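If you're matching positions, the sequence shown starts at 1 in UniProt numbering and goes up one per residue.
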Amino acid sequence: MNQKPVFPKLSSDSEAPAAPVRRSRLRSPVIWLLLLLVAGGALWWSRRQAAEAPPARGGRTAVPMSIVPEIVRKGDIAINLDALGTVTSLATVSVRSQISGQLVRIDFKEGQDVKKGDLLAEIDTRPYEAVLAQMKGQLARDEALLKGAQVDMARYQGLSAQNAVSRQTLDTQTALVAQYEGTVAADRAQVNAAEVNLQYCRIVAPADGRVGLRQVDQGNYVTPGDTNGLVVITQLAPISVLFTMPEDNLQAISARLRSGATLPVTAFDRAGAKKIAEGVLQTFDSQIDSTTGTIKLRAQFGNEARTLYPNQFVNIRLLVDTHKDVTLMPTAGVQRGVPGTFVYLVNADSTVSVRKVELGISDGEHVEVRSGLNPGDAIVIDGADKLRDGARISVRSESGASPAQPEQPAGGRRRQNGGRQP
């Protein structure tokens, strides 16, 4: 007999779990899709960073830096010593009157160049002319008395030989002649003194130089005791400069002077930028200042252009010696670190390498290389703090054009604003 299959009824409580099963089956594709998107983004980001990173060489990351190399060369380098100096005149004379009298004439202009013996001023000569005339008259009188006494002495000598006069009379006359001779000598000295005073009425320049400002006007009564005098004459050509150097430099300077060398000296303005005059070193002091450890030196300048004036402050550069035909490099290329003193040498494959060098003297811009470099080597002088041994560089010319442009990243060039340009 045919029986119908009996199926159990499901209650409402048994039908509820079907909905969560369907939701879990729907979430699985979404989760896998999100995981695929995250993995794809990470892969894309890593490839982008790899494309933008600079190329590597020998395990080192090259520095993307463009430089203009400096070439090491042969040349001469000077040993210069700098100092602060004061211009000093070789002769400064205060012109004063040597006699007393009224100033009747001024024969110079302020600021005028004068020569030794040029007339500067005149004092009233009449009192001194009168004294000279008086001294000459007294001299003539005493010379006449001397002549009369000499005649009498000659007569007494003849009579004494005949025993006509006593010996005492002859001796007295001889003494009188000697007395008149002394008086005449004194009169002649007074005449000479009066003539000298008369010459002093004409005040002349005692030395070559430039006349300063007038200290007294015409018509004043001048005396030898006047404090300011008439005028000051200052020698300007030639002129000297006094400056000091540390005592450590004395041996080198002294050795050069003893060898007969002429040491050039250059004077610059207060700022040290403009050259004023050129001269030579004359000598140095005989003592070292124990308080400062310096020694004073004197340089002489022709000063024909009148660029130096007394008490002017100038910067002095003394050329002690010159090293000729030595290896030179810019001072800016010198680096100091663990290897000591070194430079970054530019290699033929556009990389740099550390090269230890031994340096000599320096003139500020260039330095002598005793060992480590050869003429023709190229070194880095700008941006060396960003380099290291084996770093790759881009060598460009002074015009700014790079001989070999680096390769662009695969992803394209980066704009300045951070975007990408196809």
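By construction, the Cβ of each residue, glycine as well, lies at the ideal position given by its N, Cα and C atoms. Computed from a prediction, not measured in an experiment: that's the story for all the values here.
Inset, instruction - Look at the alpha carbon of residue 99 and the alpha carbon of residue 221, and state the distance between them as a whole number of angstroms. - result: As a first step, residue 99 is located in the sequence shown; it is residue number 99 there, counting from the start. As a first step, residue 221 is located in the sequence shown; it is residue number 221 there, counting from the start. Cα-Cα distance, rounded: 10 Å.
Inset, instruction - Take residue 373 and list the residues in its own chain whose beta-carbon comes closer than 8 Å to its own, dropping the five residues that flank it on each side. - result: As a working note, residue 373 is residue 373 in the sequence shown. Within the same chain, residue 373 has close Cβ partners 72, 327, 329, 343, 345, 355, 357, 379.
Inset, instruction - Going by DSSP, name the residue or residues bridged to residue 171. - result: Taking the sequence shown and counting its residues from 1, one reaches residue 171 at position 171. Answer is none; residue 171 lacks a bridge partner.
Inset, instruction - Taking 9 Å as the cut-off, decide whether the C-beta atoms of residue 109 and residue 207 are in contact. - result: Your numbering for residue 109 matches position 109 in the sequence shown. Your numbering for residue 207 matches position 207 in the sequence shown. Taking a C-beta distance under 9 Å as the contact criterion, residue 109 and residue 207 do not qualify as a contact pair.
Inset, instruction - Check residue 129 in the structure and name its three-state DSSP category. - result: The sequence position of residue 129 within the sequence shown is 129, counting from 1. Residue state, collapsed to three classes: helix.
Legend entry - beta-carbon residue 391 near the ligand NAP non-hydrogen atom, thresh 8 Å: Absence of the ligand NAP is noted for the structure shown, with no ligands found whatsoever.
Legend entry - Same chain, Cβ closer than 7 Å to residue 246, five either side skipped, listed in chain order: Looking up residue 246 in the sequence shown gives position 246. 293, 294.
Legend entry - Cross-strand partners of residue 301 (DSSP beta bridge): Here the question's residue 301 lines up with position 301 in the sequence shown. Here residue 301 is bridged, per DSSP, to 239, 279.
Legend entry - Simplified DSSP assignment, three categories, for residue 101: Position 101 of the sequence shown, counted from the start, is the residue given in the question as residue 101. It is a strand residue.
Legend entry - Start and end residues, alpha helix (DSSP H) containing residue 253: Counting from 1 along the sequence shown, the entry for residue 253 is found at position 253. For residue 253, the uninterrupted alpha helix (DSSP H) segment begins and ends at 250-258.
Legend entry - Cβ pair residue 235, residue 90 closer than 9 Å: Counting from 1 along the sequence shown, the entry for residue 235 is found at position 235. Counting from 1 along the sequence shown, the entry for residue 90 is found at position 90. Yes, the pair counts as a contact, with Cβ atoms nearer than the cut-off.
Legend entry - Proximal residues to residue 389 (C-beta, below 7 Å), its chain only, five neighbours per side dropped: Numbered from its first residue, the sequence shown carries residue 389 at position 389. 353, 354.
Legend entry - Nearest-angstrom Cα separation, counted from residue 29 out to residue 38: Against the sequence shown, residue 38 aligns to sequence position 38. Against the sequence shown, residue 29 aligns to sequence position 29. Looking at the backbone, the Cα of residue 38 and that of residue 29 are separated by about 14 Å.
Legend entry - Rounded straight-line distance, which links the Cα of residue 69 to that of residue 381: Position 381 of the sequence shown holds residue 381. Position 69 of the sequence shown holds residue 69. Taking the Cα positions, residue 381 is about 7 Å away from residue 69.
Legend entry - Nearest-angstrom Cα separation, counted from residue 254 out to residue 363: To locate residue 363, count along the sequence shown from 1; it is residue 363. To locate residue 254, count along the sequence shown from 1; it is residue 254. Between residue 363 and residue 254, the C-alpha separation is close to 21 Å.
Inset, instruction - Keeping to the same chain, check which residues put their C-beta closer than 7 Å to that of residue 242; ignore five residues upstream and five downstream. - result: Position 242 of the sequence shown, counting from 1, holds the residue named residue 242. Contacts found: 85, 86, 88, 296, 298.
Legend entry - Contact belief for residue 315 with residue 272 at Cβ below 8 Å, rounded distance in angstroms: Locating residue 315 in the sequence shown gives position 315, where the first residue counts as 1. Locating residue 272 in the sequence shown gives position 272, where the first residue counts as 1. Yes, residue 315 and residue 272 are in contact; Cβ-Cβ is about 4 Å, under 8 Å.
Inset, instruction - Report the residue ranges of all beta strand (DSSP E) runs contained in full by the region 292-374; include only those spanning at least 3 residues, in chain order. - result: For secondary structure counted as the beta strand (DSSP E) over 3 or more consecutive residues, the region 292-374 holds these complete runs in sequence order: 294-301, 313-330, 335-337, 340-346, 352-356, 358-362, 366-371.
Inset, instruction - Evaluate contact between the region 137-153 and the region 255-267, counting only Cβ atoms and requiring at least three cross-stretch pairs below 8 Å. - result: Here the region 137-153 does not lie against the region 255-267, with fewer than 3 beta-carbon pairs under 8 Å apart.
Inset, instruction - Just tell me which of 233, 171, 290 has its CA closest to the CA of residue 156. - result: What you label residue 156 is simply residue 156 of the sequence shown in a count that begins at 1. Measuring from the Cα of residue 156, the nearest candidate turns out to be 171.
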